[in-house]
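Here's the structure we're looking at; comments come further down.
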Amino acid sequence: MLTTQFLLLGAVLFCIGVYGVLARKNAVMVLMSIELILNSVNINLLAFSVRHGSVDGNTFALYVIAIAAAEVGVGLAMVLLIYRNRRTIALDDLSEMKG
Amino acid sequence: MLAQEMTSEVVASSGWFLEHAWLIPVIPAIAFVLIIFFGKKMPMKGSELGVLSMLSSLVFSGGAAWQWIQRVNSVVDGAHEAVVEGAHHAAPYVQPVIHEWTWWQSGGFHFGIGQHIDGLALTLLVVVAFISSLVQIYSLEYLRGDRRYTHFFAALTLFSAGMLCMVLAPNMVQLILGWEIMGLCSFMLIGHWWEEEANSRAALKAFFTVRVGDMGLLIGTAILFFSANNWTQKNLGVSGFNISGLSAWAMSGEASHSALTWGAVALFIACIGKSGQFPLHTWLPDAMAGPTPVSSLLHSSTMVVAGVFLVARLYPIFWEGMKIGDTNINFIVLIGGITIVIAALLAFVQHDIKKVLAYSTVSQLGYMMMGLGAGAWLPAVFHIFTHAFFKACLFLSAGSVSHSGSHHSFDMKKDMGGLAKKMPITATTWIISTLALAGVFPLAGFFSKDEIIDNVGHNGYNAFMIVGLTGAFLTAAYMTRATYLTFFGEARGAAAGIHHDEHDEHAVVDTHTSHDTHVAVDPHDVHTDHGPHESPKLITVPLMILAALALTAGLSNATPFGESWERFKKYVEPGSEYVMVGSEMAPEHGAEVVEISAVSMSVTSEEEVAEEGCAVVAPEAGMVCYFPTISHAPFKWSKAALSLIIVAFGLVSSWLFCVQYYTRRNKRLVGLTERNKVLRGGYTFLWNKCYLDELYEKVIVHSIAHPIAKAAYWANQNILDGIVNGAGKVSRRVAGWVYRNIDQRVVDGAVNGSGAAARGTGGALRPVQSGKVNQYGALLFSAAAIGALILVIINT
Chain F
155 MLTTQFLLLG AVLFCIGVYG VLARKNAVMV LMSIELILNS VNINLLAFSV
205 RHGSVDGNTF ALYVIAIAAA EVGVGLAMVL LIYRNRRTIA LDDLSEMKG
Chain V
66 MLAQEMTSEV VASSGWFLEH AWLIPVIPAI AFVLIIFFGK KMPMKGSELG
116 VLSMLSSLVF SGGAAWQWIQ RVNSVVDGAH EAVVEGAHHA APYVQPVIHE
166 WTWWQSGGFH FGIGQHIDGL ALTLLVVVAF ISSLVQIYSL EYLRGDRRYT
216 HFFAALTLFS AGMLCMVLAP NMVQLILGWE IMGLCSFMLI GHWWEEEANS
266 RAALKAFFTV RVGDMGLLIG TAILFFSANN WTQKNLGVSG FNISGLSAWA
316 MSGEASHSAL TWGAVALFIA CIGKSGQFPL HTWLPDAMAG PTPVSSLLHS
366 STMVVAGVFL VARLYPIFWE GMKIGDTNIN FIVLIGGITI VIAALLAFVQ
416 HDIKKVLAYS TVSQLGYMMM GLGAGAWLPA VFHIFTHAFF KACLFLSAGS
466 VSHSGSHHSF DMKKDMGGLA KKMPITATTW IISTLALAGV FPLAGFFSKD
516 EIIDNVGHNG YNAFMIVGLT GAFLTAAYMT RATYLTFFGE ARGAAAGIHH
566 DEHDEHAVVD THTSHDTHVA VDPHDVHTDH GPHESPKLIT VPLMILAALA
616 LTAGLSNATP FGESWERFKK YVEPGSEYVM VGSEMAPEHG AEVVEISAVS
666 MSVTSEEEVA EEGCAVVAPE AGMVCYFPTI SHAPFKWSKA ALSLIIVAFG
716 LVSSWLFCVQ YYTRRNKRLV GLTERNKVLR GGYTFLWNKC YLDELYEKVI
766 VHSIAHPIAK AAYWANQNIL DGIVNGAGKV SRRVAGWVYR NIDQRVVDGA
816 VNGSGAAARG TGGALRPVQS GKVNQYGALL FSAAAIGALI LVIINT
């Protein structure tokens, strides 16, 4: 029914987000993809909240939005610093952690 | 016999102070905490808090006493209206104001804390608060400049709080609490100047000697609780710790007699320790090591009176347990009688003025115990009341003498004499209190002490009446000796203006005394005028107040002047009437309706012993008794005259002896103890305090502690050392083998192996660490996907 379609939407968004995180080179695009993942989770929460008739999911979704805002703030700040130091934000070039 | 049953509804008035009497110990307790935390920063170093808290406790207890008098009046008048003309009936029982709250609970059992206010509690509350206030005011001057001034006031305040807490205890638990607080504070105060070893030894001795008795308190409480709890829960709905519950249980006739007897004996052992009765009185004279205000407080109204109070409070238990009404000798009266005589004799050989007073206190406590043991409850309680005033006055006078007259010495023979002219106020207050203590006619001691002796004889304890009279003679004599040595005759030592250059020399001269001096910073050493002089106002005013009370306090229960003067009998002695059980559950607030039932009281006159009544006939079902019927001896001037003559004889003969002995140096008297074998033996016996200290320290402690120490040493050398040495040898061998085989081969092999393994694994995993974020992300998500997949498979 309706909730199933919402869950499907959430799953599709999640997959797009995962694809973006894995395939994109641009750090800003990766951050945007992470936002997609988080919002797909929000949709899931709301869908289950509607199905069970409780407001717990809604509340939780609000928390997720707030946390996501904070997370993207931190992420963008990091991207900005990386850009200042190296004049690039391509993730392929950031391979100092190679073992 | 008029068997009539009447039930009257009497409204017992109550009031704010009565309902809130629990505040009386709480105020000084709070003041204690404040002094400890903020005292040193306050303008008067915290002493103002102590004085203020004691004064407010005094106001509260005074208010409560006033409202109690009105309550008794309302009940007694109501009862009188209900009584048929001509029928004599038992004194009505005025319900005490009892409140109890849960203090803590354990296993569903509630331990209460609260208040139990009746005449006895209020008498003590007023006296304790009053004496404490005066002593604190006195200490402002006496301890000025002391290095632990703030702590002194803190401990003094907590000490009073402990006594007040004990006095209002509604149950044994709170009573023990207050009792132990006092034990702790007495240790702190006696050892206030602990830099000198004698002082800290005295503090320890006081603490441990009292502790011996305290075991009795715990055991006695436990015995009574386990025997009484069922009965009290069933009949009164209170626990077996509750004091009124225990009283009712003891009077019910259903109590097991052996439990009562053993409980009473155990509790009385606690009283022997606390109240300095023979043979545990030895700590009391040593307690003089503390500052004089402490001795005054300790020996007049708090601490030592606690034991007497315990007996008076749980009187039904002692009455039934010791069969006070039926015998003419029992444990309490015997101990009391021995104490009177021995302590009075010991007072004769003391050189230290405070030790004379200490033994005098012990002796007077003996009077109180003897009175209680012989059924003279009211005179004994009254003696607590009067004794507090004149003994506090005597101690404070002695302090005043050492403070301003004898350069901090307490030695009567070396540093005093002839001070009456130099210190007229101190001498006057001392002499008034001495006469009051000796029991000279209209002064306080006469009315209480004479009543004790009189009632002891009246109740059939004739032998002890003679003991009491002997004690009266001795008291008059040793107090005269102390008075003569201090205030009359020729001035000696410091009193004559001779000063010891060094304090140390002073300490060598009288090693057996413990004196108040040797405070490092002693501002009095910088006096320009070193001769004896009168003390300042802060010392003399409390003295004068106390002396005035020593003069007049006896009039508050002046038996010779008729019944209207017997206020203590009316307001303090609990009625011995049967009380209906239902009336126990009095309303919490405001006026309460008390049903009082006076049942079948025979017509008795004061002279006869009541044929029926509590303690003679057990109460019927549904009725309880809280206090035994006690007969009062009628006052006869002929008996009073006898004791007055004895006292006068004691005073005069002792005075004449002192003049001959100390001033005229009569050849026949001086050195008599060296010449006469019997007298010398007696003197040596007394000088060594009846060898009790030797018995305790050399014989008992030695015989118990020494073999234990020896056995422990042997066990240590042979058993424990053998084990340790053997263990050492064995372990060395084992260690050698372990090193060669396990350490070198197994452990080192494992360590080396793990290092090699880690290197191999690291090399194998190296390609995974590509440093590419996307690859890490891919790994993460694939792992999450696998995890999700497993979850789905498991759940379906």
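Protein sequence lines, in the order shown, are assigned to chains F and V.
If you're matching positions, the first sequence starts at 155 in our numbering and goes up one per residue.
If you're matching positions, the second sequence starts at 66 in our numbering and goes up one per residue.
The beta-carbon is built from N, C-alpha and C at its ideal position, and this holds for glycine as well.
Predicted, not measured: the structure shown is a model, and the values here were computed from it.
Exercise. Measure from the C-beta of F:SER249 to each C-beta in chain V and report whether the shortest distance is under 8 Å.
Key: Yes - at least one Cβ of chain V is within 8 Å of the one on F:SER249.
Quiz item: Nearest to V:VAL238 by alpha carbon, out of V:ARG276, V:LEU282 and V:ALA220?
Solution: For the residues V:ARG276, V:LEU282 and V:ALA220, the minimum Cα distance to V:VAL238 belongs to V:LEU282.
Quiz item: Out of curiosity, what's the CA-to-CA distance linking V:MET666 and V:VAL373?
Solution: Low confidence applies here, because V:MET666 scores a pLDDT of 39, under 50, leaving its location unreliable; read the following figure in that light. Rounded to whole angstroms, the separation of the alpha carbons of V:VAL373 and V:MET666 is 31 Å.
Quiz item: Span of the beta strand (DSSP E) holding V:GLN170?
Solution: Taken as a continuous stretch (DSSP letters only), the beta strand (DSSP E) holding V:GLN170 covers 162-171.
Quiz item: Unbroken alpha helix (DSSP H) runs of length 4 or more, entirely within the stretch 451-514 of chain V: which are they?
Solution: Taking 4 residues as the minimum length, the alpha helix (DSSP H) runs contained wholly in the stretch 451-514 of chain V are 477-480 and 489-503, in order along the chain.
Quiz item: What residues of chain F sit near V:GLY877, judged by a beta carbon separation below 9 Å?
Solution: Because chain V spans 66 through 861 in this model, residue 877 of chain V falls outside it and cannot be assessed.
Quiz item: For V:ARG824, is the classification buried or exposed, using 16 other Cβ atoms within 10 angstroms of its Cβ as the cut-off for buried?
Solution: Result: exposed.
Self-check item: Euclidean distance between Cα positions of F:VAL195 and F:PHE202
Solution: Rounded to the nearest angstrom, the gap between the Cα atoms of F:VAL195 and F:PHE202 is 11 Å.
Exercise. For the beta strand (DSSP E) containing V:ILE182, list its first residue and its last residue.
Key: In this chain, the beta strand (DSSP E) harbouring V:ILE182 covers 174-182.
Quiz item: Identify the residues that DSSP records as bridge partners of V:ASN307: which are they?
Solution: Within the DSSP bridge table, the entry for V:ASN307 names V:ASN236 as partners.
Self-check item: Exposure label - V:GLU676; buried when at least 16 CB within 10 Å
Solution: The pLDDT assigned to V:GLU676 is 42, lower than 50, so where the model puts this residue is not dependable; a value taken from the coordinates is nonetheless given after this. Taking all protein chains in view, the Cβ of V:GLU676 is surrounded by fewer than 16 other Cβ atoms within 10 Å, so the residue is classified as exposed.
Exercise. Using a Cβ-Cβ cut-off of 8 Å, state whether F:LEU245 counts as contacting chain V.
Key: At a cut-off of 8 Å between beta-carbon atoms, F:LEU245 makes contact with chain V.
Quiz prompt | For V:GLN135, the nearest candidate out of V:SER708, V:SER718 and V:VAL637 (CA to CA) | solution = Comparing Cα positions, the closest option is V:VAL637.
Quiz prompt | Endpoints, the alpha helix (DSSP H) within which V:GLY111 is located | solution = Unbroken run through V:GLY111: none, as it is neither H nor E.
Quiz item: Starting from V:GLN286 and walking both ways along the alpha helix (DSSP H), at which residues does that stretch end?
Solution: The sequence shown places Thr at residue 286 of chain V, rather than the Gln named in the question. V:THR286 -> alpha helix (DSSP H) spans 262-300.
Quiz item: From this set, V:GLY533, V:LEU550 and V:TRP131, which residue's C-alpha is nearest V:TYR726's C-alpha?
Solution: Residue V:LEU550 is the option with its Cα nearest to V:TYR726.
Quiz item: Rounded to a whole number of angstroms, what is the C-alpha to C-alpha distance between V:VAL812 and V:SER819?
Solution: Cα to Cα, the separation comes out at about 11 Å.
Exercise. Might you give, ordered along the chain, the residues of its own chain that have their beta carbon closer than 6 Å to the beta carbon of V:ASP575, omitting 5 neighbours on each side?
Key: In this prediction, V:ASP575 has a pLDDT of 39, which is less than 50 and means its spatial position is unreliable; what the coordinates show is noted afterwards. These residues qualify, in order along the chain: ASP476.
Quiz item: What is the C-beta distance between V:PRO344 and V:LEU233, in whole angstroms, given that I count them as a contact (C-beta under 8 Å)?
Solution: Contact flag wrong, Cβ pair sits at about 31 Å.
Practice problem: Have a look at V:ALA822 and V:SER835 and give me their C-alpha separation to the nearest angstrom. | Solution: So the alpha carbons of these two residues sit roughly 22 Å apart.
Self-check item: CA-to-CA distance, V:PHE529 to V:GLY402, given in whole angstroms
Solution: The alpha-carbon of V:GLY402 is positioned some 6 Å away from that of V:PHE529.
Quiz prompt | chain F contacts made by the stretch 821-850 of chain V, where a contact means CB separation under 7 Å | solution = Of all residues in the stretch 821-850 of chain V, ARG831, GLN834, SER835, GLY836, LYS837, VAL838, ASN839, GLY842, ALA843 and PHE846 have a Cβ within less than 7 Å of some Cβ in chain F.
Quiz item: What's the C-alpha gap between V:THR605 and V:THR494?
Solution: Cα-Cα distance, rounded: 9 Å.
Quiz item: Are the beta-carbon atoms of V:ARG212 and V:ILE308 separated by less than 8 Å?
Solution: For V:ARG212 and V:ILE308, no; Cβs fall outside 8 Å.
Quiz item: Hey, out of V:SER198, V:ASN860, V:HIS175 and V:PRO161, whose CA is closest to V:ILE182's CA?
Solution: The candidate whose alpha carbon is nearest that of V:ILE182 is V:PRO161.
Practice problem: Check each candidate in V:TRP166, V:LEU185 and V:GLY184 and name the one with the smallest Cα separation from V:PHE176. | Solution: The option with the nearest alpha carbon to V:PHE176 is V:TRP166.
Quiz item: Among residues of its own chain, excluding the 5 on either side of V:PRO444, which ones have a beta-carbon nearer than 7 Å to its beta-carbon?
Solution: A distance below 7 Å between beta-carbons, with the five flanking residues on each side excluded, links V:PRO444 to the following residues of its chain, in chain order: GLY436, SER513, GLU516, ILE517 and ASN520.
Quiz item: Any idea what DSSP makes of V:VAL637, helix, strand or coil?
Solution: In this structure, V:VAL637 counts as coil in the three-state DSSP scheme.
Quiz item: From which residue to which residue does the alpha helix (DSSP H) around F:GLY211 run?
Solution: It spans 210-240 - the alpha helix (DSSP H) in which F:GLY211 sits, taken as one unbroken run.
Quiz item: Under a three-way DSSP split, which group does V:MET247 fall into?
Solution: Looking at V:MET247 - three-state DSSP - the assignment turns out to be helix.
Quiz item: Residue ranges of each beta strand (DSSP E) run of no fewer than 3 residues wholly in the stretch 409-443 of chain V, ordered along the chain?
Solution: Counting only runs of at least 3 residues, the stretch 409-443 of chain V fully encloses no beta strand (DSSP E) element at all.
Quiz item: Based on the DSSP secondary-structure assignment, which residues constitute the bridge partners of V:ASN622?
Solution: Answer is V:GLU631, bridged to V:ASN622.
Quiz prompt | Same chain, Cβ closer than 8 Å to F:SER187, neighbours up to 5 away in sequence not counted | solution = Its chain contains ILE170, GLY171, VAL172, TYR173, GLY174, VAL175 and ARG178 as the residues whose beta carbon lies nearer than 8 Å to that of F:SER187, once the 5 sequence neighbours on both sides are disregarded; these appear in chain order.
Quiz prompt | Residue of V:GLU385, V:TRP259, V:ILE389 and V:ALA463 minimising C-alpha distance to V:HIS12 | solution = Because residue 12 of chain V is not part of the residues shown, which for chain V are 66 to 861, the question remains open.
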